[in-house]
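>
Protein chains in written order, with my numbering: chain X, 3 to 516; chain F, 2 to 177.
Put into structure tokens, the structure is as follows:
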């Protein structure tokens with residue numbers, strides 16, 4: 003086991019303040035609500051708020067004083083707890099990623115909150131609140147060096163990449179986003195809804211909406227059934243007047259515009275100075291204006307890679323690239339999803355980026371796309387026609403005779419969508435992986451390497467069997483929040499069988515290393 | 002990656018059915034469900050008839066529906082297991098295991114040996130009566146993190162487990 007035992011290290015002296023701060027944040031909203039509502043009737047809220055703080059402070063102090071970690075030969079050892087003690091051994095080879103978050107206060111003190119994640123999913127294996135910046139660098143060095151040492155004897159057929167790495171080569175920048183690119187990303191992605199929802203949630207908390215609605219309705223308090231009342235009110239008078247329709251449309255457009263602007267502001271704060279570097283066999287991602295986030299992802303941990311674009315992406319000649327690691331980016335553990343590995347990159351640079359992320363996959367240049375079954379469009383049209391039929395019935399119900407104009411449009415859309423969707427389906431075996439693309443307006447292309455394929459399945463529904471088709475799906479680790487997966491529909495039956503057998507054989511011949 | 006097996010191997014590359022006694026087992030399970038559900042539904046119908054003042058023919062329809070559900074469940078219990086059995090196949094080779102299942106939606110699940118994380122051999126109380134076992138194969142996948150193969154004689158389930166578990170050639174591997 004561990005040949006060497008390193009000296010024990012502690013957290014930064016200020017840890018206790020930050021640890022407490024995290025819990026205080028949870029108290030902030032209810033606390034503020036108390037201030038606003040109880041403001042007029044005495045000031046006793048202060049007393050119970052202070053009372054709550056004492057156990058928090060004691061727990062935070064005990065937690066941060068008892069926290070120790072050290073770097074042994076092949077593993078990191080974390081000891082914590084005061085009454086209930088725990089000692090956790092995390093082998094370097096199992097570490098999926100090391101993330102660091104620095105908000106403004108962290109940066110003033112030159113410290114960072116560090117999360118060490120393995121493939122266990124859910125919670126990070128170790129969360130360190132907080133470490134000095136140079137201790138973080140030291141951790142990265144140890145984990146990186148330890149993995150190199152551990153990986154050498156495992157000359158498995160898998161990652162040729164892991165073996166002969168340049169010794170911690172000077173990081174070369176793979177992608178750097180200028181402020182203009184960051185704003186463009188915000189515009190294209192439209193994450194404004196996040197800002198909007200956050201703001202709305204806050205306002206709701208303080209009961210502002212109720213007061214606004216009350217003032218709109220002559221003091222009569224309408225509760226959450228407002229929308230229903232509006233709908234009932236307008237429908238009751240025999241259909242909707244064109245003026246209301248126009249007003250709604252205009253309001254909708256303004257809302258869309260506001261969302262885009264908010265999204266650009268969000269991107270500016272969140273992704274400012276986005277840099278993707280490659281240091282040896284690890285990827286380093288740094289971004290953030292006020293809160294700096296810094297992540298480390300070993301290249302070998304990339305399970306699948308997805309390139310996505312939308313009509314707006316194509317207008318500006320850009321694409322986005324996501325990677326999935328098996329690391330525990332479990333829903334609740336983190337407030338937001340991991341950002342893309344390349345939020346925005348010029349379409350012409352994509353080959354180079356994929357080349358350095360997945361060197362063994364021959365994705366550069368022209369891919370010979372294999373098509374799906376020739377009669378797939380008919381199947382796809384049946385599906386979209388069902389949607390169109392439901393939509394038409396709904397419109398007939400709401401708009402009555404007006405809907406007759408909309409129904410042909412809906413069916414035309416169903417036909418075009420089905421044709422385009424099937425025309426854009428494609429798959430191909432490239433180097434040591436499989437690539438699958440789908441989507442008409444919003445297109446996605448996903449690469450899964452054989453070494454990362456866990457299970458291959460072939461499925462045939464009754465409709466599939468009647469038309470001699472089947473679908474093939476590839477299951478990988480950490481695919482729960484994947485953008486897009488290799489799941490190929492409408493394949494000719496025999497093609498599906500041979501593809502399943504091929505993928506199975508390829509996967510079986512490689513050893514899986516997280 | 003060659004297999005280490007010495008004795009007549011389970012990895013013969015041939016398609017196998019489950020053990021035929023699995024049909025009996027599934028029938029027993031089906032009839033247990035029937036015995037629990039059908040009387041409960043009848044009580045539900047009776048209470049509805051007594052409490053709500055519905056016209057007699059509505060109550061009659063409810064009774065007919067109850068009988069229909071009963072017949073359906075009885076058919077499922079008696080006939081379905083044999084149909085399901087016909088489409089349930091597995092095949093082992095040096096590379097791993099294929100499982101075919103499904104009557105209406107047919108599925109083939111291929112799990113390479115090198116992706117098996119660990120394996121459980123389970124025997125429930127009813128399975129013990131039939132000397133059968135269920136093999137649960139765990140992978141690092143997401144949707145197919147656990148793949149079940151039921152209806153195996155216990156000894157065979159253990160043999161398959163031993164074949165699928167990573168052997169010595171994987172000892173240095175760092176997959177958990």
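From the three backbone atoms N, C-alpha and C, an ideal C-beta is built for every residue, glycine too.
Since the model is a prediction, treat every value here as computed from it, not as a measurement.
Mind listing the chain F neighbours of residue 464 of chain X? Cutoff is C-beta to C-beta under 7 Å, in chain order.
Near residue 464 of chain X (Cβ distances below 7 Å), the residues of chain F are 105.
> Residue 497 of chain X CB to nearest chain F CB: under 8 Å?
For residue 497 of chain X, the answer is no, since every Cβ of chain F falls outside 8 Å of its Cβ.
> By how many angstroms is the C-alpha of residue 299 of chain X removed from the C-alpha of residue 326 of chain X?
Each residue's Cα considered, the two are about 10 Å apart.
> Would the beta-carbon of residue 321 of chain X fall within 8 Å of that of residue 148 of chain F?
Contact: no.
> Compare the C-beta of residue 142 of chain F with all C-beta atoms of chain X and state if any pair is closer than 8 Å.
Chain X, which has a Cβ nearer than 8 Å to the Cβ of residue 142 of chain F, makes this yes.
> Have a look at X:187, X:436, X:260 and flag the residue whose alpha-carbon is nearest the alpha-carbon of residue 317 of chain X.
Out of X:187, X:436, X:260, X:187 has the C-alpha closest to the C-alpha of residue 317 of chain X.
> How many Å lie between residue 77 of chain F and residue 29 of chain F at the Cα?
Computed Cα separation, rounded: 11 Å.
> Mind checking if residue 459 of chain X is an interface residue toward chain F, Cβ cutoff 8 Å exclusive?
So, interface residue.
> Tell me whether residue 54 of chain F sits in a helix, a strand or coil according to DSSP, three-state version.
In this structure, residue 54 of chain F counts as coil in the three-state DSSP scheme.
> Taking the straight line between their C-alpha atoms, what separation do you get for residue 171 of chain X and residue 361 of chain X?
Interpretation of residue 171 of chain X is limited by its pLDDT of 45, a score under 50 that renders its predicted location unreliable; the figure taken from the coordinates is listed afterwards. Each residue's alpha carbon lies about 17 Å from the other.
> Closer than 8 Å by beta-carbon distance: list the chain X residues that pair up with residue 145 of chain F, in chain order.
What residue 145 of chain F touches in chain X: 456, 457, 459, 477.
> Taking C-beta pairs closer than 7 Å, name the residues in chain X that residue 110 of chain F reaches, listed in chain order.
Near residue 110 of chain F (Cβ distances below 7 Å), the residues of chain X are 457, 459.
> Run through the DSSP bridge pairs and tell me what residue 465 of chain X is partnered with.
None; residue 465 of chain X has no bridge partner.
> Does the distance from the CB of residue 94 of chain X to the CB of residue 80 of chain X come in under 8 Å?
Against a cut-off of 8 Å, the Cβ pair of residue 80 of chain X and residue 94 of chain X comes out as no contact.
> At what residue ranges does the stretch 96-167 of chain F contain a whole run of the beta strand (DSSP E), taking only runs of 3 or more?
Entirely contained in the stretch 96-167 of chain F, the beta strand (DSSP E) runs reaching 3 residues are, in chain order, 97-102, 107-113, 117-123, 133-140, 147-154.
> Does the Cβ-Cβ distance between residue 445 of chain X and residue 310 of chain X come in under 8 Å?
In this structure, residue 310 of chain X lies closer than 8 Å to residue 445 of chain X by Cβ.
> For residue 163 of chain X, decide whether its Cβ has a neighbour in chain F, counting only Cβ atoms nearer than 8 Å.
Note on residue 163 of chain X: pLDDT 38, under 50, position unreliable in the model; no value is reported.
> Is it right to say residue 38 of chain F is buried, meaning 16 or more other beta carbons lie within 10 angstroms of its own, or is it exposed?
Exposed, by the Cβ-count rule.
> Please name the residue or residues paired with residue 432 of chain X in a DSSP beta bridge.
Residue 432 of chain X is bridged to X:435.
> Quick check on DSSP: helix, strand or coil for residue 131 of chain X?
If DSSP states are grouped into helix, strand and coil, residue 131 of chain X belongs with the strands.
> Within its chain, find whatever has a CB closer than 7 Å to the CB of residue 271 of chain X; leave out the 5 residues flanking it on each side and keep chain order.
Answer for residue 271 of chain X: 291, 292, listed in chain order.
> Hey, how far is the Cα of residue 354 of chain X from the Cα of residue 504 of chain X?
Whole-angstrom Cα-Cα distance: 28 Å.
> To the nearest angstrom, report how far apart residue 269 of chain X and residue 181 of chain X are at their CA atoms.
Taking the straight line joining both Cα atoms gives about 9 Å.
> Starting from residue 11 of chain F, find everything on chain X with Cβ-Cβ shorter than 7 Å and list it in chain order.
The contacting residues do not exist; residue 11 of chain F stays about 16 Å from chain X at best.
> Is the shortest distance between the beta-carbon of residue 270 of chain X and the beta-carbons of chain F less than 8 Å?
So no, residue 270 of chain X is outside the interface.
> Under 7 Å between beta-carbons, which chain X residues line up against residue 114 of chain F? List them in chain order, please.
Those are 510, listed as they occur along chain X.
> Give the DSSP-derived three-state secondary structure of residue 383 of chain X in the structure shown.
Helix at residue 383 of chain X.
> Comparing C-alpha positions only, which one of X:359, X:424, X:306 sits nearest to residue 386 of chain X?
Per the Cα distances, X:424.
> DSSP three-state label for residue 2 of chain X, please.
The structure shown does not extend to residue 2 of chain X, since chain X spans only 3 to 516, so no value can be given for it.
> Quick check: residue 97 of chain F and residue 58 of chain X, are their CB atoms within less than 8 Å of each other?
Against a cut-off of 8 Å, the Cβ pair of residue 58 of chain X and residue 97 of chain F comes out as no contact.
> Are the CB atoms of residue 119 of chain F and residue 91 of chain F within a distance shorter than 8 Å?
No, the pair does not count as a contact, with Cβ atoms beyond the cut-off.
> Would you please verify whether the beta carbon of residue 14 of chain F is less than 8 Å from any beta carbon of chain A?
Annotation note: the requested chain A is absent from the structure, which comprises protein chains X and F.
> Pull up the distance between the alpha-carbon of residue 19 of chain X and that of residue 109 of chain F, whole angstroms please.
C-alpha separation (whole angstroms): 55 Å.
> In angstroms with no decimal places, state the Cα-to-Cα distance between residue 146 of chain F and residue 136 of chain F.
Between residue 146 of chain F and residue 136 of chain F, the C-alpha separation is close to 14 Å.
> Do you know whose CA, among X:15, X:77, X:414, lies nearest residue 64 of chain X's CA?
Ranking the options by Cα distance to residue 64 of chain X, first place goes to X:15.
> Identify which residue in F:132, F:153, F:19, F:112 has its Cα closest to the Cα of residue 166 of chain F.
Closest option to residue 166 of chain F, Cα to Cα, is F:112.
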